[in-house]
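Residues in the sequence shown are numbered from 1434 upward in steps of one, following my numbering.
Even glycine gets a Cβ: it sits at the ideal position worked out from N, Cα and C.
Note that the structure is a prediction, hence the values are computed from the model and not measured.
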Amino acid sequence: MAKIELKEIAHAYGVNPKKPTDYALKRIHNVWQDGGAYALLGPSGCGKTTLLNVISGLLTPSQGQVLFDDKDVTGLAPEKRNIAQVFQFPVLYDTMSVFNNLAFPLRNRGFNEADVRSRVTEVADILDLTPFLAKRAAGLAADAKQKISLGRGIVRRDVAAILFDEPLTVIDPNLKWELRCKLKEIHEQLKLTFVYVTHDQVEALTFADQVIVMYEGQIVQIGTPQELFENPSHTFVGYFIGSPGMNFLPITLDAQSARVGDAAIFLGENLAGLAAKAKGDLKLGIRPLYLEVHDTAVDKGVRARIKSVDDQGSFKILTAILGDHLLCARIPEGHPIPQQEVWLKFPIDWIRLFSNDLLLT
Ligand code: ATP
């Protein structure tokens, strides 16, 4: 397994890139630890696949270097990098048996048959593929095929990293959860370096120890699911993580309060102090989970009109209008829902302030 270091990586697909928008990757400078489970998360077009291809060697970056365990591999072809890849669609030999598919990478490298048998048996056991070993791969369901793709990677003990590009796309929704749990279990068991590309936050947050959030060709934050939820370093992370995402209100500072139109949201001394030092456009952020909803006036509450209430099963999402802005609040099941107006309270501990979209700390 390898530590992956990305040194000043930038990539433009066109020739003569000049402006920042000409770059699919703007500036990526990071170290990913040996044995870590990383998810690359971001919306379509943010550069996830481009970055994965730079790591695998399918793409040579316009600028910068890729290092595996301090060794520069930027100029090496994928087959020389000792990585395994699992793509959206399983890559395997349909006419071969599951056993022969798993054995292929080992036989290709000249392993003797006794070693091949022992290693294939071990990996089939880890992946719950033992009952299928003699079957032809062609007849299996997509989730079993994807496990074979993964098995062809982990069957080699010396693999530097396993790169996954949206591996659950073709898997039935009810099997996705199972396969994701299996991947997590394998990671914990084998301590391999996993890099997993997805635009699905649930996949990223349940799979990875560290989630790397990308936006417009850049990494905007790397953190645990909890860090991304509680302290998004950029408004994009706040908006992208969580369902619905963080609420944001443009504010001006008024003594120890944040002013939104006629409403004053109490910030207290510390937050007001942070806001006073900030230079750019100020925004207040709060997660729907932490926005308190009251049906009568409360101390330090602000009055808002109700726009809608959506029942999500075990909870409801209330959308309220404050001045010109919409705010969502998550209301637990059984909690009474006011009819037309509400008083919203912003607990100080859960208010986050942003200046020019960056978290104030
Ligand atoms: P998705 O989730 O849709 O796959 P992504 O985050 O993986 O998106 P990339 O596929 O890396 O994003 O694309 C990043 C940017 O580079 C996009 O603007 C895309 O249009 C552009 N791009 C990707 N591949 C090429 C290519 N072969 N030639 C030119 N531009 C490309």
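Beta-carbon separation (whole angstroms), residue i vs residue j, contact threshold 8 angstroms
i        : j        : result
Gly-1767 : Gly-1718 : Going by Cβ atoms, the distance from Gly-1767 to Gly-1718 rounds to 28 angstroms, so no, they are not a contact pair.
Leu-1439 : Gly-1497 : 7 angstroms
Val-1531 : Ile-1581 : 6 angstroms
Asp-1598 : Val-1630 : 5 angstroms
Ala-1435 : Ala-1593 : 4 angstroms
Val-1553 : Leu-1573 : Not really, about 16 angstroms apart at Cβ, beyond 8 angstroms.
Leu-1707 : Ile-1684 : The pair is not a contact, with the Cβ atoms about 12 angstroms apart (cut-off 8 angstroms).
Thr-1454 : Gln-1521 : Incorrect: roughly 27 angstroms between the Cβ atoms, too far for contact.
Leu-1388 : Gly-1468 : The first residue shown for the chain is 1434 and the last is 1794, placing residue 1388 beyond what the model contains.
Ile-1674 : Leu-1661 : 5 angstroms
His-1632 : Leu-1474 : 7 angstroms
Gln-1518 : Leu-1596 : 5 angstroms
Lys-1459 : Gly-1650 : 4 angstroms
Cα-Cα separation between residue i and residue j, rounded to whole angstroms
i        : j        : result
Val-1646 : Val-1742 : 30 angstroms
His-1444 : Thr-1493 : 8 angstroms
Val-1623 : Val-1588 : With the sequence shown as reference, residue 1623 is identified as Leu, and Val is not the correct amino acid for it. Cα-Cα distance, rounded: 11 angstroms.
Asp-1591 : Ala-1472 : 22 angstroms
Leu-1777 : Arg-1585 : 54 angstroms
His-1727 : Gly-1701 : 21 angstroms
Ile-1437 : Leu-1791 : 27 angstroms
Leu-1500 : Asp-1732 : 56 angstroms
Ile-1750 : Asp-1642 : 29 angstroms
Leu-1793 : Leu-1759 : 23 angstroms
Ala-1570 : Ile-1764 : 48 angstroms
Asp-1695 : Ser-1747 : 34 angstroms
Thr-1482 : Asp-1505 : 21 angstroms
Lys-1615 : Leu-1560 : 8 angstroms
Arg-1736 : Ser-1690 : 15 angstroms
Gly-1678 : Gly-1656 : 17 angstroms
Gln-1659 : Leu-1608 : 25 angstroms
Gln-1796 : Ser-1676 : Residue numbering for the chain in the displayed model covers 1434 to 1794; residue 1796 lies beyond these limits and cannot be assessed.
His-1667 : Ala-1730 : 33 angstroms
Thr-1752 : Phe-1565 : 50 angstroms
Gln-1773 : Ile-1754 : 11 angstroms
Lys-1710 : Asp-1558 : 58 angstroms
Leu-1612 : Trp-1783 : 34 angstroms
Gln-1466 : Gly-1734 : 45 angstroms
Leu-1562 : Val-1628 : 23 angstroms
Ile-1781 : Leu-1583 : 46 angstroms
Ile-1739 : Val-1556 : 55 angstroms
Val-1775 : Glu-1725 : 10 angstroms
Arg-1550 : Asn-1533 : 10 angstroms
Ala-1503 : Asn-1463 : What sits at residue 1503 in the sequence shown is Asp, not Ala. Distance between the alpha carbons of Asp-1503 and Asn-1463 is about 13 angstroms.
Ile-1461 : Thr-1507 : 14 angstroms
Ser-1495 : Tyr-1648 : 19 angstroms
Asn-1680 : Glu-1663 : 13 angstroms
Ile-1442 : Gly-1480 : 12 angstroms
Burial state of residue i (16 or more Cβ within 10 Å)
i        : result
Thr-1579 : It is worth fixing the name first, because residue 1579 is Gln in this sequence and not Thr. Its Cβ being crowded by 16 or more others within 10 Å, Gln-1579 is buried.
Gln-1654 : buried
His-1620 : buried
Pro-1721 : buried
Asn-1703 : exposed
Ile-1698 : buried
Ile-1516 : buried
Pro-1665 : buried
Ile-1652 : buried
Val-1644 : buried
Cys-1761 : buried
Tyr-1446 : exposed
Ala-1567 : exposed
Ile-1770 : exposed
Val-1448 : exposed
Arg-1542 : exposed
Ala-1457 : buried
Asn-1789 : exposed
Val-1693 : buried
Arg-1785 : buried
Pro-1538 : buried
Ala-1577 : buried
Pro-1476 : exposed
Gly-1713 : exposed
Pro-1600 : buried
Pro-1606 : exposed
- Message: Closer than 6 angstroms between the C-beta and any heavy atom of the ligand ATP: which residues qualify, listed along the chain?
- Response: Tyr-1446, Ala-1457, Gly-1475, Ser-1477, Gly-1478, Cys-1479, Gly-1480, Lys-1481, Thr-1482, Thr-1483 and His-1632
- Query: Using 8 angstroms as the Cβ pair cut-off and three pairs as the minimum, do the region 1520 to 1529 and the region 1539 to 1546 touch?
  - Reply: Inter-segment contact for the region 1520 to 1529 and the region 1539 to 1546 is absent: fewer than three beta-carbon pairs are separated by less than 8 angstroms.
- Could you say if the region 1507 to 1527 and the region 1483 to 1490 meet the contact criterion of at least three C-beta pairs nearer than 8 angstroms? yes
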